[in-house]
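Top line first, the protein sequences correspond to chains F and W. Just so you know, the numbering used here puts the end of the first sequence at 208, numbered straight through with nothing missing. Just so you know, the numbering used here puts the end of the second sequence at 416, numbered straight through with nothing missing. Every residue, glycine too, gets a C-beta built ideally from N, C-alpha and C. Report on the following structure.
2 protein chains.
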Amino acid sequence: MPTGRAPEPTVLRLSIYLRCLRQVHAEGLDTISSAGIQERTGITAGQVRKDLSYFGEFGKPGLGYAVEPLLTRLSHIMQLDRPRKVVIVGAGNLGAALAGYQGLRSSIFSLVAAFDNNLSKIGRPLWDVEIKDVRELPRITQEQGVEIGIITTPAEAAQGVAELMAQGGIRSILNFSPTRIVSPQGTTIRNVDLMKELEVICFYLPKP
Amino acid sequence: MPTGRAPEPTVLRLSIYLRCLRQVHAEGLDTISSAGIQERTGITAGQVRKDLSYFGEFGKPGLGYAVEPLLTRLSHIMQLDRPRKVVIVGAGNLGAALAGYQGLRSSIFSLVAAFDNNLSKIGRPLWDVEIKDVRELPRITQEQGVEIGIITTPAEAAQGVAELMAQGGIRSILNFSPTRIVSPQGTTIRNVDLMKELEVICFYLPKP
DNA sequence: TAGATTGTTAATCGATTAACAATC
DNA sequence: TAGATTGTTAATCGATTAACAATC
Chain F
1 MPTGRAPEPT
11 VLRLSIYLRC
21 LRQVHAEGLD
31 TISSAGIQER
41 TGITAGQVRK
51 DLSYFGEFGK
61 PGLGYAVEPL
71 LTRLSHIMQL
81 DRPRKVVIVG
91 AGNLGAALAG
101 YQGLRSSIFS
111 LVAAFDNNLS
121 KIGRPLWDVE
131 IKDVRELPRI
141 TQEQGVEIGI
151 ITTPAEAAQG
161 VAELMAQGGI
171 RSILNFSPTR
181 IVSPQGTTIR
191 NVDLMKELEV
201 ICFYLPKP
Chain W
209 MPTGRAPEPT
219 VLRLSIYLRC
229 LRQVHAEGLD
239 TISSAGIQER
249 TGITAGQVRK
259 DLSYFGEFGK
269 PGLGYAVEPL
279 LTRLSHIMQL
289 DRPRKVVIVG
299 AGNLGAALAG
309 YQGLRSSIFS
319 LVAAFDNNLS
329 KIGRPLWDVE
339 IKDVRELPRI
349 TQEQGVEIGI
359 ITTPAEAAQG
369 VAELMAQGGI
379 RSILNFSPTR
389 IVSPQGTTIR
399 NVDLMKELEV
409 ICFYLPKP
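Spelled out as structure tokens, the structure:
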């Protein structure tokens, strides 16, 4: 029986299970055991069962988990069962690369606009969307019901953009700028810091 | 006195301290307390002291930490005190965006080549480097003493690329492809999974 | 010196692992 | 049924926080 809240590491793993299950499903299997998930993800079978148990009882002793129902349940738990609108702010190289992702044109996510503050970019197309003036962000996201914002601006602009996003009704932000953002009231932020990752792998370089 | 090994979360924070110290140094301060670091990073003062204590005693009671010496010491601990050569494999949108990063043309990192397996890309320039045939990777990285590899290929190619990198003497890999790589013997891999991050923020969207 | 701040120890908190009774 | 595998409990492990004596 699901007791309190699931720990964050569990949530991260949930998305790994989801990817694993999609693949297993595509392969046509309709059942998988926690041991099978371990084999494919490297996450131990006990951990898998523990993680899932935060959300309910999905398996049958002796049989394992029915792939498709579990996929459906986990998608629902992760709130990936209805389309989410996304905007990207910062139409530089990284913003453009992310805007091109097929994953942002899927049944789960749809990219509705990109924004920049650079006049020479505003009005131009970026893949299949238009680059808009960032000052229009709150209005546009409000009108369209955008729920997710991706920040790919330089560090200096990030905090201001986060606040515009909050104004525009966005509640979840993925921040790629190399700076700490103070979460506007009511928003969740996840940070992806590419230079930090690069520095961290240096630490793990073999010591001379 | 530094006892055993530092936990991984500590290493991640080290790179945050480093960024903070660089900024503080640029502002011309020459001393900072753990409380000052807390103010700028959000990491509690006690945590800061604990983290640093895994590596030595860097502060003076009553005074705090001398910024420049600490910067030097931490850079050394993180192995960021001499230049590291980097290659990128996968010259798609993301690879191109990362290859354009100024941080890869710094005193810490230098990008020496990009690789792809697509004949129409091989031989073309990508920013200031040339796109080479991925089959040449082991030879080139070996010759040039490349230590870090960045993978921005599709999932299917990632494992093979990691093995080529290992052959070429690369010991640390940053993997952006959405798949689990089994580390070749002697290599460390860090994974950055953009679609996963996007899925995870959906979990934290306000529940209806 | 007195005030400030470190480094470290002990207490707490949280997550992972091991193990097994329940059950398909 | 017998074998397999779940969900869960208890034990372990590891990281964070609180607190304070040492000391600049």
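Contact check, F/D51 vs F/R105 under 8 Å by CB: the rounded distance? Not really, about 30 Å apart at Cβ, beyond 8 Å.
Between F/I140 and F/I131, is the Cβ-Cβ spacing less than 8 Å? No, they are not a contact pair.
Taking CB distances under 8 Å as the criterion, tell me whether W/S380 reaches chain F. For W/S380, the nearest CB of chain F lies under 8 Å from its own CB, placing it at the interface with that chain.
Environment of F/S120 [buried if 16+ CB atoms lie within 10 Å]: Classified as exposed, F/S120 has fewer than 16 neighbouring CB atoms from the shown chains inside 10 Å of its CB.
May I ask you to list, following chain order, the residues of the stretch 135–151 of chain F that have a beta carbon less than 7 Å from some beta carbon of chain W? Listed by position, the residues of the stretch 135–151 of chain F near chain W (Cβ gap below 7 Å) are E147, I148.
Pop quiz: W/R281 and W/F317 are said to be a contact at Cβ under 8 Å. What is the actual Cβ separation, rounded to whole angstroms? W/R281 to W/F317, Cβ: 20 Å. No contact.
Which listed residue (F/S75, F/G62, F/S172) has its alpha carbon closest to that of F/C20: Of F/S75, F/G62, F/S172, the residue nearest in Cα terms is F/S75.
For a test of the three-state rule: what should DSSP assign to W/I420, helix, strand or coil? Given a span of 209 to 416 for chain W in the structure shown, any question on residue 420 of chain W remains unanswerable.
Proximal chain F residues relative to W/P269, where beta-carbon distance stays under 9 Å: Per Cβ cutoff of 9 Å: no residues; W/P269 is ~28 Å from chain F at best.
Strictly below 7 Å CB to CB, what residues from chain F border W/V408? V11, L12, S15, R190
Can you check which of these residues, F/T188, F/V192, F/E197, F/E136, is closest to W/K415 by C-alpha distance? Residue F/T188 is the option with its Cα nearest to W/K415.
Run down chain F in chain order and give the residues with a C-beta less than 7 Å from the C-beta of W/G298. The premise fails here: W/G298 is roughly 11 Å from chain F at the closest Cβ pair, so nothing lies under 7 Å.
If we call anything under 8 Å between Cβ atoms a contact, is F/L245 one with F/V86? The question about residue 245 of chain F has no answer, for chain F in this structure spans 1 to 208.
Would F/Y204 pass as an interface residue toward chain W - the criterion being a Cβ-Cβ separation below 8 Å? yes
Answer yes if the stretch 144–158 of chain F comes into contact with the stretch 51–67 of chain F, meaning at least three C-beta pairs across the two stretches below 8 Å, and no otherwise. no
Less than 8 Å between CB atoms is the rule here; does F/E156 satisfy it with respect to chain W? no
Using C-beta distances below 6 Å, list every residue in its chain close to W/S380, excluding the 5 sequence neighbours before and after it, in chain order. The residues are I356, T396.
Entirely within the stretch 283–339 of chain W and at least 3 residues each: give me those beta strand (DSSP E) ranges in chain order. 292–297, 317–324
Segment contact, 8 Å Cβ cut-off, at least three pairs: the stretch 85–101 of chain F with the stretch 41–56 of chain F: The stretch 85–101 of chain F, when compared against the stretch 41–56 of chain F, does not touch it at the 8 Å Cβ threshold.
Distance between W/E265 and F/I170 (C-alpha atoms, nearest Å): 44 Å
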